[in-house]
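Chains as they are written, first to last, in our numbering: chain A, 1 to 314; chain B, 1001 to 1283.
As structure tokens, the structure follows; a few thoughts come after it.
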């Protein structure tokens, strides 16, 4: 049995459409209060997995629990603490943004006084304050996405499932929502974000899971995955003045493998997969160098993603 | 939220959704026009003698006329779009990801659509009474109007359920409406054809088949019920060609309606509860 009371816990979920089209087995256990980045190429099975979790798609094998409840046997209890914003959301076009929020609040059984306050607050929060009474049919794609996130928050959910939440949003809105997700997570909400925007996921996710061809290929904390995929760690430094003597001393340091100089600065490649910025800064100062900036450069989620796809597709 | 409240919320939503559809709104307007038109014509022309004899019962004819054809299309249209359009638009996903059971959703959809239809039928019935009174003077047997209205609603369950089940099976409103309408039209045409075949051959088998058609129950339940309640042996124009010719009893019509609508309701519920929520149809 999957672990009880975890926000999401799936065990060997399998969905079989036909002989060649199968998703799973997928086992995910989400920890409370984290942001789980759910990654994978198009058609990998991310949305189907989410829909299995929500009880919209019946798995052929395996089990799913939301806070310990089975969404197929007890959807009312299981879905009560969840907020869900689907990929490419659709709402009735004759509804206004406010109507959508009202209808959603009714489905959660939110009482009248709470409802008004929450709707107003959420509509303002997603930046639709001036468009609340406009028909959804007249909304842009980005506005529909904003509304989708707002309706997902109407019940003040403990678990938020967002399928490509920033798709179609402009850069300013993307940044706004990235900050919003971080804030919600810091307030104690667990968030699952399925996205193609890898850099966005890297910026917010505490945990990452990657699915390819219907199978989970890796999952863990973002830091552990980045470390696992980093072939080498390097530290980028900027000196006030490039001095050959200082460079020679850096090259001779026991933990330094190589020093590369380019127009962008100096890249110090390390022998170990460790964050040795403090040691390097000390050694540079001791050797008489004057340090301007120093930053650790290791693998990105994109590197991990590409590397995994390359191995999987071999 | 308790199940009753969920059903009510979905039912209210279904009213709004169905009324926002232009084709439903147009068909309702058209049905009301059909109600108006014969009365308007009759006020302009000299009244034929056969109508003069039954002028006190014109409300009854007026209430039945749209039921025989247009109201069945309205029922088919509301039923076939009820769940299918939610799949087509991708709105089913969002609603069913909320804390509501699939059973409450479907019951809410069914009752919402059916109560909307009942409201439209009420409009046409009230309109028929008002127009008949205005055109032909005081009407008789009006105390039976509520019973007639309920019998119209009950008999329309057949084609509403047919539209509903087609919508759930095909999950495309256009395909569902086309197939459900084709079944209705085929049954509508086949009835008189079978009566004609019986008159040529004298074989009662044709009449038995005719009574088994869904349109027979739908059209004859309110007529036979009215005959038993207040019409007696009085033969009104246009109804003479249906019930009395083919024969049959009220209980046969009742069973026909019950069987056809139950089949539709059971299949649509089984299909909905046992299959995945379709993300988006190709419609």
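All C-beta atoms in this analysis are idealised placements derived from N, C-alpha and C, irrespective of residue type, glycine included.
Quick caveat: nothing in here was measured; it's all calculated off a predicted structure.
Asked: Determine the chain B residues that contact residue 84 of chain A at a beta-carbon separation under 7 Å, and present them in chain order.; Found: 1097
Asked: 7 Å is my cut-off, CB to CB: does residue 157 of chain A come that close to chain B?; Found: no
Asked: Does any residue of chain B have a CB that is nearer than 7 Å to the CB of residue 90 of chain A?; Found: yes
Asked: Counting contacts by CB-CB distance shorter than 7 Å, is residue 1101 of chain B in contact with chain A?; Found: yes
Asked: So if DSSP puts residue 26 of chain A in a beta bridge, which residue, or which two residues, is it bridged to?; Found: A:13
Asked: Assign residue 1162 of chain B to buried or exposed, taking buried as 16 or more other Cβ atoms, counted over all protein chains shown, within 10 Å of its Cβ.; Found: buried
Asked: Would you mind reading off the limits of the alpha helix (DSSP H) that contains residue 84 of chain A?; Found: Counting along the chain, residue 84 of chain A falls outside any alpha helix (DSSP H), though it belongs to the beta strand (DSSP E) covering 82-85.
Asked: For residue 188 of chain A versus residue 33 of chain A, is the C-beta spacing smaller than 7 Å?; Found: yes
Asked: For residue 219 of chain A, write down the residues that DSSP places opposite it in a beta bridge.; Found: A:209
Asked: Establish whether the CB of residue 341 of chain A and some CB of chain B are separated by less than 7 Å.; Found: The structure shown has nothing for residue 341 of chain A, since chain A only spans 1 to 314.
Asked: For residue 22 of chain A, which residues of its own chain have a beta-carbon under 8 Å away from its beta-carbon, when the five flanking residues on both sides are left out?; Found: 14, 15, 16, 214
Asked: Taking its Cβ as the centre, do 16 or more other Cβ atoms sit within 10 Å of residue 1167 of chain B, making it buried, or is it exposed?; Found: buried
Asked: In chain B, what lies closer than 9 Å to residue 64 of chain A by C-beta?; Found: Result: empty, since nearest Cβ-Cβ is about 13 Å, beyond 9 Å.
Asked: Can you list the residues of chain A that residue 1271 of chain B reaches, using a CB-CB cut of under 8 Å?; Found: None at all; the shortest Cβ gap to chain A is about 13 Å.
Asked: Buried or exposed, going by whether 16 or more other CB atoms sit within 10 Å of the CB of residue 1204 of chain B?; Found: exposed
Asked: Look at the alpha carbon of residue 87 of chain A and the alpha carbon of residue 211 of chain A, and state the distance between them as a whole number of angstroms.; Found: 17 Å
Asked: Between which two residues does the alpha helix (DSSP H) harbouring residue 1272 of chain B extend?; Found: 1250-1274
Asked: So, with DSSP's three-state summary, where would you put residue 267 of chain A?; Found: strand
Asked: Taking its Cβ as the centre, do 16 or more other Cβ atoms sit within 10 Å of residue 20 of chain A, making it buried, or is it exposed?; Found: exposed
Asked: Got a sec, what are the start and stop residues for the alpha helix (DSSP H) residue 1226 of chain B sits in?; Found: 1214-1226
Asked: Is DSSP giving residue 61 of chain A helix, strand or coil here?; Found: strand
Asked: Taking only beta-carbon positions, decide if residue 17 of chain A is within less than 7 Å of chain B.; Found: no
Asked: If we call anything under 7 Å between Cβ atoms a contact, is residue 96 of chain A one with residue 138 of chain A?; Found: no
Asked: I need the DSSP call for residue 1101 of chain B, collapsed to helix, strand or coil.; Found: coil
Asked: Taking the beta carbon of residue 69 of chain A as the centre, do at least 16 other beta carbons fall within 10 Å, making it buried, or is it exposed?; Found: buried
Asked: I need the DSSP call for residue 193 of chain A, collapsed to helix, strand or coil.; Found: strand
Asked: Can you grab the Cα-Cα spacing for the pair residue 1197 of chain B / residue 1125 of chain B, in whole Å?; Found: 34 Å
Asked: Below 8 Å, can you find three or more Cβ-Cβ pairs linking the stretch 1210-1218 of chain B to the stretch 1171-1182 of chain B?; Found: no
Asked: Have a look at B:1150, B:1160, B:1103, B:1199 and flag the residue whose alpha-carbon is nearest the alpha-carbon of residue 1114 of chain B.; Found: B:1160
Asked: Among A:292, A:157, A:149, A:153, which residue has its Cα nearest to the Cα of residue 163 of chain A?; Found: A:149
Asked: Name, please, each residue of chain B whose Cβ falls closer than 7 Å to the Cβ of residue 54 of chain A.; Found: 1097
Asked: Runs of 3 residues minimum, wholly inside the stretch 63-139 of chain A: which ones carry the beta strand (DSSP E) assignment?; Found: 82-85
Asked: Which residues, in chain order, does the stretch 1251-1276 of chain B contribute to contact with chain A at a C-beta distance below 7 Å?; Found: 1276
Asked: What would DSSP say about residue 155 of chain A, mapped onto helix, strand or coil?; Found: coil
Asked: Between residue 1139 of chain B and chain A, is the shortest Cβ-Cβ distance under 7 Å, so that the two count as touching?; Found: no
Asked: Use the C-beta contact count for residue 1202 of chain B: other C-beta atoms within 10 angstroms, 16 or more gives buried, fewer gives exposed.; Found: exposed
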